[in-house]
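J.:
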Amino acid sequence: MEILQLEKTKDNKKLFQQLKVLDFDFIFQKDNDSSRLFYIIEDEKILGYAVIELAEKACLKKIFVNKKLRNNGFGSILLKYIINWLMNNNFDSLVVEKHKQMNNFLEKQRFVKNSDGFYELGNFSEERKLNKKMMFVSKFAIVINIVLALLKIISGNIFKSVSLISDGLNSLSDLITNILVIIGLKVGENPEDKEHPFGHGKIESVFSVIIGTFIMITAFDIIKENIMGIFQMKGEVITSPMPVIITVIVIIIKVFQLIFMKNNTKDYRGALINSLLEDYKADIVISISVLAGILLSKINPVFDVFVGISVAIYIMYSGYNLIKDNALILLDSQDEELLENVRKDLSEFDEIENAHDFRMTTSGKNIYLFIDVRMDKSLTIDEAHEITNKISKFIKHKYKNIKRVLIHAEPVYNNNF
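Okay, so the sequence shown: first residue is 911 according to this note's numbering, each after it adds one.
Here it is as structure tokens:
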């Protein structure tokens, strides 16, 4: 299955015939430069289409899916594709003027009624700015880590400081981390599709596990080299003040980098960025330890080697935590605090007799929530649906990182369980 956009320069007679068979009321003004047509196709069969009008605000003129396939999520997939296309083409919102019989469908996609009474999904520019900011800070971090790695490794070799070389190797691992972050963010921002109903956000946790593994391997190599250095009696008394000056400069740069990253990523709560921030905190501790090792090496060179080992152990511990935290996300570990808060929220709804079996899955910065609730068995399907829809909208409005809430309604049983 794929979603295609009409190419107006081609002969689309056959395509229009297929669309007319799909929808007898199909109309598209090919000569209108502001109109765009998107369609879903699978095995050379068109499953649905959408027409948008591009003006100051993009307007969804029509979305249509084969009647036999309307419970398979193709409408949602098509709409999400269009939203992503609009974001990438610098549009700020999507308006739906003709929304009769579509209200519930649109509300599930976070559309809200505007002052004109139309459904609108906005703030694309904010999402776009956030994504661009994440890419910028990641690229900025790459430049910083290249400079730091070269500065530490070259200085460490010139002044024979094992701990400074170890810290330089750590900066090299940070460099690879930043490259993986960029790749992970790029893949993770792809919209949901049929094969990936929860989006591609889990790739962030996959990359974080890879980053953690790489960090642990690097740390192991540093420990091995430093232990060999002890038995081979490596190390010299460092008399030059330059290693101290360089390390102090490095610490200042790392503190600035951490502050810069925290200020620019506070609106993004994804596994990769959180991993990066923890890594930067560890880097500051490591560099302070290196400074202590260089100062103590003036007493005895072996101190520098021991600090190098200590730094590597800390790096390994950071890598282990990175792997553990993201493995838990991949295994759908539950955020008990969040689930308890949602449970308390549901207790405020009089229509809910009991809420249980709270479950969640995390994909990047988004959370998908599943809840079972019990209601009065005399309620009609429409009434139960209205209640669950109201609850879903409330939860998504209160918790911005919860993207979707699936509520399974059950009748109240006569027994006590």
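Here a beta-carbon is modelled for each residue, glycine too, at the ideal position from N, C-alpha and C.
Being a predicted model, the structure only gives us computed values, none of them experimental.
#1: Compute the Euclidean distance between the alpha carbons of Met-997 and Ser-1071, then round it to the nearest angstrom.
#2: Under the assumption that Asn-1311 contacts Gly-1109 (Cβ atoms under 8 Å), give the Cβ distance between them as a whole number of angstroms.
#3: Cα separation between Gly-1145 and Ile-1054?
#4: Ile-1233: which of Tyr-1029, Ser-1048, Glu-1188 and Asn-1210 sits nearest, CA to CA?
#5: Between Glu-1261, His-1266 and Asp-1235, which has its C-alpha nearest Leu-1249's C-alpha?
#6: Which residues mark the beginning and the end of the alpha helix (DSSP H) in which Phe-984 is found?
#7: Let's test the definition: count the other Cβ atoms within 10 Å of the Cβ of Phe-934 and tell me whether it reaches 16, buried, or not, exposed.
#8: Taking a contact to mean a Cβ-Cβ separation below 7 Å, would you say Asn-1088 touches Ser-1115 in this structure?
#9: Looking at the unbroken alpha helix (DSSP H) that takes in Leu-1060, where does it start and where does it end?
#10: Three-state secondary structure (DSSP) at Ile-1225?
#11: Can you tell me whether Leu-929 is helix, strand or coil according to DSSP?
#12: Taking the alpha-carbon of Phe-984 as reference, which of Ile-950, Ile-1159 and Lys-967 has the nearest alpha-carbon?
#13: One question on the structure: do Val-975 and Gly-958 come within less than 7 Å of each other, judged by their Cβ atoms?
#14: What did DSSP end up calling Gly-1145 once you bin it into helix, strand or coil?
#15: Hey, Lys-940 and Lys-972: beta-carbon distance below 7 Å or not?
#16: In angstroms, rounded to a whole number, what distance separates the CA positions of Gln-927 and Val-961?
#17: Could you tell me if Thr-1290 is buried or exposed, where buried requires 16 or more neighbouring beta carbons within 10 angstroms of its beta carbon?
#18: In whole angstroms, give me the CA-to-CA distance for Leu-914 and Thr-1175.
#19: Can you find at least 3 beta carbon pairs, one from the stretch 1254-1261 and one from the stretch 1159-1171, that sit closer than 8 Å?
#20: For the beta strand (DSSP E) that Asn-1264 lies in, which residues bound it at each end?
#21: What runs of the beta strand (DSSP E), each 3 residues or longer, lie entirely inside the stretch 1141-1220?
#22: Distance check for Asp-943 and Glu-963, CA to CA, integer angstroms please.
#23: CB-CB under 6 Å to Met-1126, same chain, minus the five flanking residues each way: which ones, in chain order?
#24: Go through its chain and collect everything with a Cβ distance to Ile-1086's Cβ below 8 Å, but skip five positions before and after it.
#25: Tell me the DSSP bridge mates of Leu-1090?
#26: Helix, strand or coil for Val-975? Go by DSSP, reduced to three states.
#27: Residues in its own chain within less than 7 Å of Phe-1259 by CB, not counting five upstream and five downstream?
#28: Name the two residues that bound the continuous beta strand (DSSP E) containing Ser-945.
#29: Just mark Phe-1117 as buried or exposed, buried being the case when its beta carbon has 16 or more other beta carbons within 10 Å.
#30: Going by alpha carbons, who is nearest to Phe-1268 out of Ser-1207, Lys-1039, Leu-988 and Glu-1247?
#31: What does the Cβ neighbour count give for Leu-1241, buried or exposed, with the cut at 16 atoms within 10 Å?
#32: Report all residues from its chain with a CB closer than 7 Å to the CB of Asp-1077; omit the five preceding and five following residues, and keep chain order.
#33: Residues in its own chain within less than 6 Å of Ala-968 by CB, not counting five upstream and five downstream?
#34: Where does the unbroken alpha helix (DSSP H) through His-1318 begin, and where does it stop?
#35: Which first and last residues belong to the beta strand (DSSP E) in which Phe-1280 is found?
#36: So what does DSSP say about Lys-1112, is it helix, strand or coil?
T.: Quick look at the numbers:
#1: Distance from the CA atom of Met-997 to the CA atom of Ser-1071, rounded to whole angstroms, is 50 Å.
#2: Their Cβ separation, rounded to whole angstroms, is 13 Å, which puts Asn-1311 and Gly-1109 out of contact at 8 Å.
#3: Note that Gly-1145 scores a pLDDT of 49, beneath 50, so its modelled location is shaky and nothing firm can be said.
#4: Residue Glu-1188 is the option with its Cα nearest to Ile-1233.
#5: Checking every option, the nearest Cα to that of Leu-1249 belongs to His-1266.
#6: Counting along the chain, Phe-984 sits inside the alpha helix (DSSP H) bounded by residues 984-998.
#7: With a 10 Å radius around the Cβ and a threshold of 16 neighbouring Cβ atoms, Phe-934 comes out exposed.
#8: Inclusion of Asn-1088 and Ser-1115 in the CB contact set at 7 Å is not warranted, their separation being larger than that value.
#9: It spans 1034-1068 - the alpha helix (DSSP H) in which Leu-1060 sits, taken as one unbroken run.
#10: DSSP places Ile-1225 in the helix class (H, G or I) of the three-state scheme.
#11: If DSSP states are grouped into helix, strand and coil, Leu-929 belongs with the helices.
#12: If we check each option's Cα against that of Phe-984, Ile-950 comes out closest.
#13: Yes, the pair counts as a contact, with Cβ atoms nearer than the cut-off.
#14: With a pLDDT of 49 at Gly-1145, under the threshold of 50, the modelled position of this residue cannot be trusted; read the value that follows with caution. Coil, per DSSP.
#15: In terms of Cβ geometry, Lys-940 and Lys-972 do not form a close pair [threshold 7 Å].
#16: In a straight line, the C-alpha of Gln-927 is about 16 Å away from that of Val-961.
#17: Counting Cβ neighbours within 10 Å, Thr-1290 comes out exposed, since fewer than 16 surround it.
#18: Pairing Leu-914 with Thr-1175, the inter-Cα distance amounts to about 34 Å.
#19: Judged by Cβ distances under 8 Å, the stretch 1254-1261 makes no contact with the stretch 1159-1171, as fewer than three pairs qualify.
#20: Residues 1264-1273.
#21: Uninterrupted beta strand (DSSP E) stretches at least 3 residues long and entirely within the stretch 1141-1220 do not occur.
#22: Distance between Glu-963 and Asp-943, taken at the CA atoms: about 9 Å.
#23: Annotation for Met-1126: Met-1226 and Gly-1229 place their beta carbon closer than 6 Å to its own, counting only its chain and skipping 5 residues before and after.
#24: Here the set comprises Ile-1121 and Phe-1124.
#25: Answer is none; Leu-1090 lacks a bridge partner.
#26: Reduced to three states, the DSSP call for Val-975 is strand.
#27: Within the same chain, Phe-1259 has close Cβ partners Ile-1301.
#28: Going by DSSP, Ser-945 is part of the beta strand (DSSP E) stretching over 945-952.
#29: Burial call: buried.
#30: Minimum Cα distance to Phe-1268 is reached at Glu-1247.
#31: Around the CB of Leu-1241, fewer than 16 other CB atoms lie within 10 Å, so the residue is classed as exposed.
#32: Taking C-beta separations shorter than 7 Å and ignoring five residues to either side along the sequence, the partners of Asp-1077 in its chain run Lys-1062, Ile-1196, Ser-1197, Val-1200 and Val-1221, following chain order.
#33: Excluding positions up to five away in sequence, the list reads Ile-962, Leu-996, Phe-1001 and Leu-1004.
#34: Careful: His-1318 lies outside any alpha helix (DSSP H), inside the beta strand (DSSP E) at 1312-1321.
#35: Its beta strand (DSSP E) spans residues 1276-1285.
#36: Coil at Lys-1112, not helix or strand.
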